[in-house]
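Encoded as structure tokens, the structure appears first; notes follow it.
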Amino acid sequence: MDLMEALMPLALLPYIDEHETVIEAAADDVWRGLSETLDRSFAGPGATACARLVGATDRTPSGPRPLTEDATLPGFRVTTATPPHELALSGRHRFSTYTLTFRLDELSPTRSRLRAESRAAFPGPAGGAYRRLVITTGGHALGMRRLLRAIRHCSEQPPAANGPGPPGKRPSRTRFGCPYNLSALPEVWNG
768 MDLMEALMPL ALLPYIDEHE TVIEAAADDV WRGLSETLDR SFAGPGATAC
818 ARLVGATDRT PSGPRPLTED ATLPGFRVTT ATPPHELALS GRHRFSTYTL
868 TFRLDELSPT RSRLRAESRA AFPGPAGGAY RRLVITTGGH ALGMRRLLRA
918 IRHCSEQPPA ANGPGPPGKR PSRTRFGCPY NLSALPEVWN G
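The following block contains the structure:
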């Protein structure tokens, strides 16, 4: 643990932003969609290479799926997993210490709200430059909106469409990683 971590508990990191989406699906389906989308979005070689490049503490996926406490994704460690209510990810690298907390509110038995709150500290001149690159340019906000759209799309698919399919055959997947229903594709691309 370095000095910055000792002085700044994750819950006290400076607030960056919060994004939300309403999903036409039960809370359990949203929890499944959240876990599957995060796993697919961060499991590729690009995410692993990026985590190595910035010196992230956690660089590879590990642990049980669906995500549970202490499981990892490149750049993140699961610090809280309370299905189907809250999933908190935290991480750190050379330029930042950060958290991304997903909170799920059941609006009705078939409708849920998913909120994603980001907090981060960017120490020193290099951290300040990184903040300008990621936050000030709007890149982080764009990425969060796209991620929430992907989670919404995955969560709204019928559970049968998300099953493994016939033995030996992988289901077709969107660029977001979830099995898809062809009629739902325009919503994903146009958001």
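Numbering (the numbering used here), first residue to last: 768 to 958. Ideal placement from N, C-alpha and C gives every residue a C-beta, glycine not left out.
Checklist entry - Does DSSP put THR839 in a helix, a strand or coil? => result strand
Checklist entry - Looking only at C-alpha atoms, which of THR866, SER863, HIS852 and ALA888 sits nearest to GLU873? => result HIS852
Checklist entry - What is the rounded straight-line gap between the Cα of GLY813 and the Cα of SER879? => result 31 Å
Next on the checklist: Tell me the DSSP secondary structure of VAL845 in three-state form.
Outcome noted: strand
Checklist entry - Under three-state DSSP, which class holds LEU780? => result coil
Item to check | Residue span of the alpha helix (DSSP H) that contains THR866, given as start and end | outcome: From DSSP, THR866 is part of no alpha helix (DSSP H) but of the beta strand (DSSP E) over 863-875.
Checklist entry - Is LEU856 helix, strand or coil when you go by DSSP? => result strand
Item to check | Distance between ALA855 and LEU914 (C-alpha atoms, nearest Å) | outcome: 15 Å
Checklist entry - So, helix, strand or coil for ARG919, using DSSP? => result helix
Checklist entry - Can you tell me the Cα-Cα spacing of TRP798 and ARG859, whole angstroms? => result 25 Å
Item to check | CB contact flag (ASP795, MET911, <9 Å) | outcome: no
Checklist entry - Do three or more CB pairs link the region 829-839 to the region 800-807 at distances below 8 Å? => result yes
Next on the checklist: Can you check which of these residues, ARG861, LEU867 and THR877, is closest to ARG844 by C-alpha distance?
Outcome noted: LEU867
Next on the checklist: Excluding the 5 residues flanking ALA848 on each side, which residues of the same chain have their C-beta closer than 7 Å to its C-beta?
Outcome noted: LEU834, THR835, GLU836 and LEU854
Checklist entry - Starting from ALA888 and walking both ways along the beta strand (DSSP E), at which residues does that stretch end? => result 878-888
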